[in-house]
Every structure is written in C-alpha cells, then in structure tokens.
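Written out below as structure tokens is the structure these notes cover.
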Amino acid sequence: MAIRIITDSAADYSAQEIQKRNITCIPMTITFGDESFLDMEELSKEEFYERLVSEKELPKTSQPAITGFLDCFEEAKASGDTVIAILISKTLSGTIQGAMLAKNMAEYDNIYIMDSKIATLGMRFMVDCAVRMRDQGCSAEEIVKALEELRPRIRLYAGLDTLEYLQKGGRLSRAEAGIAKMVNLKPIIAFDPEGNLEVCGKQIGMRHAYKQVAAILEEHRPDETYPIYFIYSMDKKNCAGFIKALEKKGIDYGTPKLRGIGATIGTHIGPGAFGIVYVE
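Sequential numbering of the sequence shown, starting at 9, is according to our numbering.
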C-alpha cells in the first residue's frame with residue numbers, strides 16, 4: 009500500500025518538478041473568451057501572461073474538473089493506496105469542495121483532503137514536506153499531523169505593481185483604481201490565518217513597498233532550514249529590485265530562488281508583482 013500525494017496547478021510546479029516528486033497535479037482551467045485551457049498543460053506561464061496583457065477582458069479561472077479527482081481516488085481505491093491531497097485555499101477556489109465531492113463519490117475513506125490556506129509557492133512547503141516524509145516511510149497519519157503543524161508558519165508577502173487587474177476582477181472600483189494609479193500606490197498583500205488574501209499595507213512607489221516587506225521580514229523572520237522563495241509575475245525586474253533592497257539592509261538569504269507566479273493568482277494581480285514566500 010502506497011501513499012499518493014496530489015495537489016492542484018495553483019502550486020505552480022513545472023512538469024519536471026511534478027515528475028521529480030512523483031506527485032499528481034490536477035489542473036485548473038483558464039478561459040479567455042471562448043477558449044479554455046488546462047493550466048500548465050495547455051497554457052504555459054509565458055503564454056498566459058502574453059494573453060493577459062494583450063486582451064481587454066480578464067480571463068476566468070475555474071476549479072479542476074471533479075473527474076480529475078475522482079479518477080485519482082478510484083485508482084487509489086483499486087490499489088488500496090492512501091491519498092493526501094494538498095489544495096489551494098478554499099477561500100480562493102471551490103477546489104476543496106470538488107475534491108470532497110469526488111471522495112464521497114469514490115466511497116473510499118483513505119483520502120485526506122487538506123486546505124493549504126494559501127496559494128502558489130506557499131503550497132509547496134506542505135507538498136514537499138509530504139513528499140519527503142512519504143519517501144522516508146512515514147505513515148499518512150504522521151504526514152498529515154506534520155502538515156497541520158507546518159501550515160500556520162507559512163508566509164507569503166507580495167507587492168503589486170498595478171491595480172488594473174484587481175479592478176477588472178471587481179475587487180476595486182474604477183475610481184479607486186484610478187486614484188491609486190495617480191498617486192503610484194503599491195499595495196502589499198498576504199494570506200491571513202484562515203486563508204483569505206488581504207491587503208496588509210499600502211505604499212507610494214515600489215521603493216517604499218520594498219521597505220515595508222523588508223520590515224515585515226525583520227519582525228517575522230524566516231526559518232532558514234526551509235527554502236526561501238522570491239516570487240514574481242511575468243517580469244523579474246521588481247523582484248530583483250526587492251532582493252537588492254534587502255541586501256542594502258544586510259538581509260542575505262544566499263543565492264536567491266526566483267519562481268514565477270502562474271495563472272491562478274496572476275489573473276488577479278497582473279504583471280510586475282514581487283514577493284517572498286517562506287516558513288516563519
């Protein structure tokens with residue numbers, strides 16, 4: 009009996025990373041107009057951002073098809089395997105609900121469905137922990153307990169370069185976005201303990217946004233026994249500027265690990281965002 013680890017494409021793993029970890033990734037669906045694509049399988053990050061900035065209408069992101077989960081769960085049931093599914097925050101997507109429905113349809117108890125309460129690179133800490141413990145021969149119960157202890161320590165802070173996409177998505181009014189653009193406002197976003205995406209700061213200009221995130225890092229320090237990821241959407245320029253700002257303050261985490269944010273979060277924040285993801 010084996011342990012199967014499942015996640016969704018909001019974790020922003022590449023195909024090579026998925027294969028290396030021996031995990032299953034269920035894709036979200038990205039829809040531009042009348043065209044729909046399976047995230048990361050039929051539409052790369054680069055292709056997604058090219059279309060995002062060139063089209064007037066915001067794309068729609070949809071939770072994975074229930075059949076994707078159901079097929080995995082029924083395969084596990086037939087083999088007598090246990091499944092641990094680590095999925096995007098339920099406040100951002102109906103993915104958790106879809107997985108729960110598939111579990112009920114499969115009529116199989118050895119399935120653990122976990123709300124990561126975060127998205128993108130933040131999900132990786134839980135998935136990678138599960139992979140490591142699986143490969144060490146730990147039981148599913150031991151893995152789930154460790155993930156529940158790790159989850160509250162995962163942090164993601166990001167600065168947005170534009171509010172255009174929040175406005176297109178209905179999260180800001182046109183007037184609010186216009187005023188913010190006029191004063192060069194750069195919001196700082198984070199996930200709260202319940203998995204909600206919230207604005208935790210607002211700065212005038214990217215340089216001050218760098219300073220605020222640096223101050224957060226000094227107060228809520230990373231555990232450097234875990235990886236520290238620097239994240240960006242489409243363009244690395246602001247992420248590189250953030251790393252230089254940290255270096256000027258004497259904050260050095262070694263060779264930076266830069267990772268691109270994919271379509272699930274990129275749809276809402278647009279290009280030019282920078283951030284950091286780590287375990288406190």
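Don't be surprised by glycine CBs; every beta carbon is placed ideally from N, CA and C.
Check	Outcome
Through-space distance from Gly280 to Thr170, alpha-carbon basis	7 Å
Cβ shell of Thr272 (< 6 Å), same chain only, five flanking positions each side left out	Ala18, Met36 and Thr69
Assigned exposure category for Gln24 - 16 Cβ within 10 Å defines buried	exposed
Beta-carbon spacing of Val152, Tyr120 below 7 Å	yes
Glu288 vs His228 beta-carbon contact at 7 Å	yes
Beta bridge counterpart(s) of Gly268 as assigned by DSSP	Tyr240
For Lys210, the residue or residues it bridges with in DSSP	Pro195
Run of the alpha helix (DSSP H) containing Asp143, from where it starts to where it stops	Leu129 to Asp143
Cβ distance (whole Å) where Ile236 is taken to contact Tyr218 below 8 Å	Not quite, the Cβ-Cβ distance comes to about 16 Å (not below 8 Å), so this is no contact.
Short Cβ contact (7 Å threshold) for Thr103 with Asp20	no
Contact check, Ile224 vs Val139, beta carbons under 7 Å	no
Length of the line joining the Cα atoms of Glu149 and Phe199	26 Å
Exposed unless 16 or more other CB atoms sit within 10 angstroms - verdict on Glu194	Before going on, a small fix: residue 194 reads as Lys here, not Glu. The residue is buried, with at least 16 neighbouring Cβ atoms inside 10 Å.
Status (buried if at least 16 other CB within 10 Å, exposed otherwise) for Ala114	buried
Arg29 versus His216: straight-line alpha-carbon distance, rounded	38 Å
Gly76 - containing alpha helix (DSSP H), residue span	Ile74 to Ser87
Under 7 Å between C-beta atoms of Val135 and Ile94	yes
Cβ distance (whole Å) where Phe81 is taken to contact Gly106 below 8 Å	The pair is not a contact, with the Cβ atoms about 11 Å apart (cut-off 8 Å).
Contained beta strand (DSSP E) runs [length at least 3] in the region 24-72, N- to C-terminal order	32-34, 37-40, 43-46 and 68-70
Closest Cα partner of Lys64 within the set Ile239, Asp89 and Gly278	Gly278
Whole-Å CB distance - Gly209 paired with Ile196, under 8 Å assumed	4 Å
Nearest to Cys6 (by Cα), restricted to the options Val91, Phe282, Gly258 and Asp231	The chain is shown only over 9 to 288; residue 6 falls outside these bounds and no answer can be derived.
Sub-7 Å separation of Ala222 and Leu266 beta-carbons	no
Cutoff 6 Å; reference Lys256; Cβ partners in own chain excluding five residues on either side	none
Thr233, DSSP secondary structure in three states	coil
Between the CA atoms of His276 and Val207 - distance to the nearest angstrom	13 Å
Nonlocal neighbours in the same chain, by C-beta distance under 6 Å from Ile26, ignoring five residues either side	Cys33
Rounded C-alpha distance that separates Gly41 from Tyr57	15 Å
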